[in-house]
Each structure stands twice: as C-alpha cells, then as structure tokens.
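Novice: Starting off with a structure, shown below.
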Amino acid sequence: MPAIRTGESLGVASRHGTWSERMHDLDDERAIRRLMARYCHTVDDGAWAEVAVLWADDAELALRGETAIGPAAIVKLIASRQTPELRGLHVIANAIIEVEGDSARAVSDFFFMRREGGPDPLVKFIGRYLDRFVRAPDGWRFRRREIHFRGSS
Amino acid sequence: MPAIRTGESLGVASRHGTWSERMHDLDDERAIRRLMARYCHTVDDGAWAEVAVLWADDAELALRGETAIGPAAIVKLIASRQTPELRGLHVIANAIIEVEGDSARAVSDFFFMRREGGPDPLVKFIGRYLDRFVRAPDGWRFRRREIHFRGSS
Amino acid sequence: MPAIRTGESLGVASRHGTWSERMHDLDDERAIRRLMARYCHTVDDGAWAEVAVLWADDAELALRGETAIGPAAIVKLIASRQTPELRGLHVIANAIIEVEGDSARAVSDFFFMRREGGPDPLVKFIGRYLDRFVRAPDGWRFRRREIHFRGSS
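Chains as they are written, first to last, in our numbering: chain A, 723 to 875; chain B, 723 to 875; chain C, 723 to 875.
Printed below as a string of structure tokens:
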C-alpha cells in the first residue's frame, strides 16, 4: 500500500483556544466518532435506510476506482458488496479526527471479518479510510469516504 | 444476526446544554469507555476479583439464553467459559455511548481472538454488546450486558 | 501471559477538579490517544522519520528482552522487524489512559494482521502495550513503551 497519510502536522499537542472553543471541539470529535461507529453498525445490519442518512446530499464514496455520489448511489454501491451472505463485522480503529469549523477530516484503519464455511470468522479485508465530514443543521455527515484496501483483495 | 440497534435517534449532533452539563457528559462517557476496556483487560487476565467490581449488585449478564444475576454469579459464568486454556484477547470497538443522568447505555461490537494449536491467533467470536450502566457513588458500573454472537458459534 | 495490570485504582469514576482542570485532562487524553494511533499509522506505512518524532529524546522501547533507547535506536529496532514484506496493520484497542500533570501512562491491547501467501489477512500477534508519556513543549511523546506479546510468537 502506498503511504496514505493526512499530511497534517503531528497533531499530538493539546489544544489551544478558549474553553468554549475547546469544548465545542471535543463535542464535535465525539459526534464524528459516533458517526463512524454508526456506519459500521448500520452497514453490518444491512440497515440501508439508516446508512443513507449518514451522508450529506452531495457525499462521495470512492473505492476500487469507483465513485458513488449522493446517499442513494452510495447505499446502492455498499449494498451490492454487502449482500446478506457476505456480511460480517466492520471495525474502525486508530482514528485521528481533525475538526475545522463546519468541516472535519479523519484518517483511520479498518478491517472486516466474517464467517464463511469454516468454524472461525476470517479477516477478509484490511485498509484505511480517508474521510471528510460536514456539519449539517442536525449533526455531522460524511462528505467523502475513500476506502483504500491494503494488499490484493 | 437480527438487526440489533439501539433505537435511539441518530446521535451524531453535537451536544446542547451548559458547559457544565456538557463537561459532565464528556467525563461520564470517558469513565464508561474505561469501564468497558477494563472488562476486556480483567477478563483476559482471569482477574476475577477485579471483574466482579465492575458490576452493580443487581447487575445482569445475558448470553446464549442464560442470565446470571449479581457479580458473583456473573463472574462464575464468565470464568466457566474463560478457563486458562481458552483465554485470549477481547476487543471492544465501534462503541456508541448514551448517558442520561445516572444511567447510560451503549451499543458496541466485539471480537475475541486466541491462540490454539497453530502458529497464528484465530478470531473465534464476533458479536455485539448491548450494555446498560448505572452510576454508583464511586463510579460507573455495568447494570446489564447482553452478548449477541454473530453467526453460529 | 502473566496478568499485566496498571496497579491503578478502578478508574471508572468521573473526574473531580475545576472545569479548567477537567478540560485539560480531556484534551490531554485526546492528544495521547492520537499519538497512539499515529504510532500505528506511521509504523504500518514504514514512515520512519514520522515514527521517530513520536518519541522523547530519552524514550525507551522494550520488547522480547531488548530495550532500544532514543528515537534513532527505537526506529532501527522497529524497522528491523517491519521490513516491507512483513508490514500489515497494527490496531490498538481497549486503551486506558491516566494523565498526571506532565506525564501519563496507558495500558492497551494490540494486535497485528498482515497478508501472507493466502487469500485472507492473518492475525499474527496479539498482546498488550504498557506506555509512559511525557509532555514536551509542542505536544505529548512516548517516554517508554513495553510490548508484551500474548502466547508464543
């Protein structure tokens, strides 16, 4: 896998700003972390109506050279790859989230496990998510997700 | 697996309330996240006395049709399934935590890996935790954990 | 694996202190969580210059009876075990972080997956990180990381 990095600065310093600004920042990061978890839960449940509302109207999902635009197309793309017999557990880990005003971005690692014929679940995919988020009136939404798979798969 | 969802609203908005309320909320969520991590560490260490203190006196653990009530019975149930040769690593991921006053709930995904005969650790179980928590005078405790395994296992 | 525990008290209570203190504490924990994620990203990318800056000048990395001291030696040790063909995905989970002034410590679980010859990624290592951190003028750094592998590997 080519090095996929955020290009941002180290980002390990504590934040500056007023209490109010810092509180907002912590709150926003929590909301985005929750949105990322919600993606996993709803995709793994095949709850497509709930997946759809996670995305901004002009959101993009890019994977393996394809880009779906808008919630309906995005759900269609995901659902085509997550038919009931192919479903399992998506896990997001090592997330680093940067909020800037009404937009945000994140880099995180993911992996996907599912049961196939054998006795034990298998790890099927590992990779990295590069995400952009946008603040909507009622909460944060995905603006763009790029899925980078690690290795041949 | 049937869709296991919290039934809560989307939950991706930033929080409202006074600074004090929001600070409490962030603090509580952190304490609960830590409690969930502590469960993994202590179970994987077979540190049963430390597992016991994670639970409220009237706590319930429900898995595979069994329900243990109270810390002693809960530890007994866990220990019976986590004998030394069966131990490994529990991981909690994708946690969404909702605090309401002195109680809270969470939905999260989990998986469990361990070494068996072969060279590499194997993923043995994947599933979802549905948790309820209660605030005790000295901190948060599990009030109820339901363990839902994904697929036949 | 022998029980590896932090020795700290239960740590599931909400925090005390003034708003300012608690805000600092939440901020610091977030910065450290981000540092831990950054370790995974940069090691998995083989981005050794970026790995180096994560460590204090007198930092220590201890694994399998070896201890490397200082960023250059630490990177050399990691790079020797993470040659391009051996790379994969490091995941940190179940992290419990304790901040005390300008130092902090954490206990967390980790696992490492990679592709080898077969069709699916394999879990190769599972274990626990015992970490110490120090606050530098521009942010938190690793002061010491002990890597404890679980089982024979």
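All residues carry an ideal CB built from backbone N, CA and C; glycine is no exception.
#1: What is the residue span of the alpha helix (DSSP H) that C:Val797 lies within?
#2: Taking C:Met745 as the query, report the chain B residues whose CB atoms sit under 8 angstroms from its CB, ordered along the chain.
#3: Starting from the beta carbon of B:Trp741, find every residue of chain C whose beta carbon is closer than 8 angstroms, and list them in chain order.
#4: From the beta carbon of A:Gly729, is the nearest beta carbon of chain C less than 8 angstroms away?
#5: Is there a C-beta anywhere in chain B that falls below 8 angstroms from the one on A:Arg854?
#6: A:Gly873 CB to nearest chain C CB: under 8 angstroms?
#7: C:Arg744 and B:Asp750 - do their beta-carbons sit closer together than 8 angstroms?
#8: Taking the alpha carbon of A:Gly840 as the point to measure from, which residue in B:Gly873, B:Val829 and B:His763 has its own alpha carbon closest?
#9: How would you call B:Ala828, buried or exposed, if buried means at least 16 neighbouring beta carbons within 10 angstroms?
#10: Since C:Trp770 and C:Arg863 are thought to touch, with beta carbons under 8 angstroms apart, how far apart are those beta carbons, to the nearest angstrom?
#11: Would you identify the three-state DSSP class for A:Arg809, choosing helix, strand or coil?
#12: Got a sec, what are the start and stop residues for the beta strand (DSSP E) A:Thr769 sits in?
#13: Secondary structure at B:Arg872, three-state DSSP: helix, strand or coil?
#14: For a test of the three-state rule: what should DSSP assign to B:Thr789, helix, strand or coil?
#15: Counting only beta-carbon atoms, is B:Ala759 nearer than 8 angstroms to chain C?
#16: So which residues of chain C does B:Ser813 contact, with C-beta pairs closer than 7 angstroms?
#17: Using CA atoms only, rank isn't needed, just tell me which of A:Leu757, A:Leu785, A:Arg809 and A:Ile791 is closest to A:Gly768.
#18: Could you tell me whether the Cβ of B:Leu748 comes closer than 8 angstroms to any Cβ of chain C?
#19: Please determine, among C:Leu799, C:Ala826, C:Ala753 and C:Ile819, the residue with the shortest C-alpha to C-alpha distance to C:Ala774.
#20: Is it true that the CB of C:Ile819 sits closer than 8 angstroms to the CB of C:Gly849?
#21: Would you decide whether C:Asp766 is buried or exposed? Buried here means 16 or more other CB atoms lie within 10 Å of its CB.
#22: Around the Cβ of C:Asp860, are there at least 16 other Cβ atoms within 10 angstroms (buried) or fewer (exposed)?
#23: Determine which residues of the region 768-780 of chain A have a Cβ less than 8 angstroms from any Cβ of chain B, and write them out in chain order.
#24: Put C:Arg837 into one of helix, strand or coil per three-state DSSP.
#25: Would you mind working out which of B:Arg760, B:Arg867 and B:Val845 sits nearest B:Arg837, comparing C-alpha positions?
#26: To be precise: take each residue of the region 830-850 of chain A, compare its Cβ to all Cβ atoms of chain C, and keep it if any distance is under 7 angstroms. Which residues remain?
#27: Hey, out of A:Ala858, A:Arg786, A:Thr740 and A:Ala784, whose CA is closest to A:Ala826's CA?
#28: So, are the CB atoms of A:Ala815 and B:Ala794 less than 8 angstroms apart?
#29: For B:Asp780, does the three-state DSSP call read helix, strand or coil?
#30: Chain A beta carbons: is any one of them nearer than 8 angstroms to that of C:His763?
#31: Between the alpha carbons of B:Val821 and A:Phe855, how many angstroms are there, rounded?
#32: Could you run through the region 788-815 of chain C and flag, in chain order, every residue whose CB is less than 9 angstroms away from some CB of chain A?
#33: Taking 8 angstroms as the threshold (C-beta atoms), are C:Arg866 and C:Glu782 in contact?
#34: I need the straight-line Cα distance from A:Ala801 to A:Leu757, nearest angstrom please.
#35: Where does the unbroken beta strand (DSSP E) through C:Val845 begin, and where does it stop?
#36: If you reduce the DSSP assignment to three classes, tell me which class A:Asp824 lands in.
Specialist: Once the coordinates are examined:
#1: Pro793 to Arg803
#2: Met745
#3: B:Trp741 reaches chain C at Trp741, counting residues in chain order whose Cβ is nearer than 8 angstroms.
#4: Low per-residue confidence applies at A:Gly729: pLDDT is 35, beneath 50, and the placement is therefore not dependable, though the value from the model is reported in the following sentence. No - not a single Cβ of chain C is within 8 angstroms of the one on A:Gly729.
#5: no
#6: yes
#7: no
#8: B:Gly873
#9: buried
#10: About 16 angstroms; that fails the 8 angstroms criterion.
#11: coil
#12: Contrary to the premise, residue 769 of chain A reads as Ala rather than Thr in this sequence. Where A:Ala769 is concerned, there is no enclosing beta strand (DSSP E), given that its DSSP letter is neither H nor E.
#13: coil
#14: strand
#15: yes
#16: The question names Ser, yet the displayed sequence has Val at residue 813 of chain B. Under the 7 angstroms cutoff, chain C gives Ala815, Asn816 and Asp831.
#17: Cα-wise, what sits closest to A:Gly768 is A:Arg809.
#18: yes
#19: C:Leu799
#20: no
#21: So C:Asp766 counts as buried.
#22: exposed
#23: Gly768, Ala769, Glu772, Val775 and Leu776
#24: coil
#25: B:Val845
#26: Going along the region 830-850 of chain A in chain order, one finds Asp831, Phe833, Leu844, Val845, Lys846 and Ile848 with a Cβ nearer than 7 angstroms to chain C.
#27: A:Ala858
#28: no
#29: strand
#30: Cβ-Cβ to chain A under 8 angstroms: yes for C:His763.
#31: 24 angstroms
#32: Arg809, Gly810, Leu811, His812, Val813, Ile814 and Ala815
#33: yes
#34: 19 angstroms
#35: Leu844 to Ala858
#36: coil
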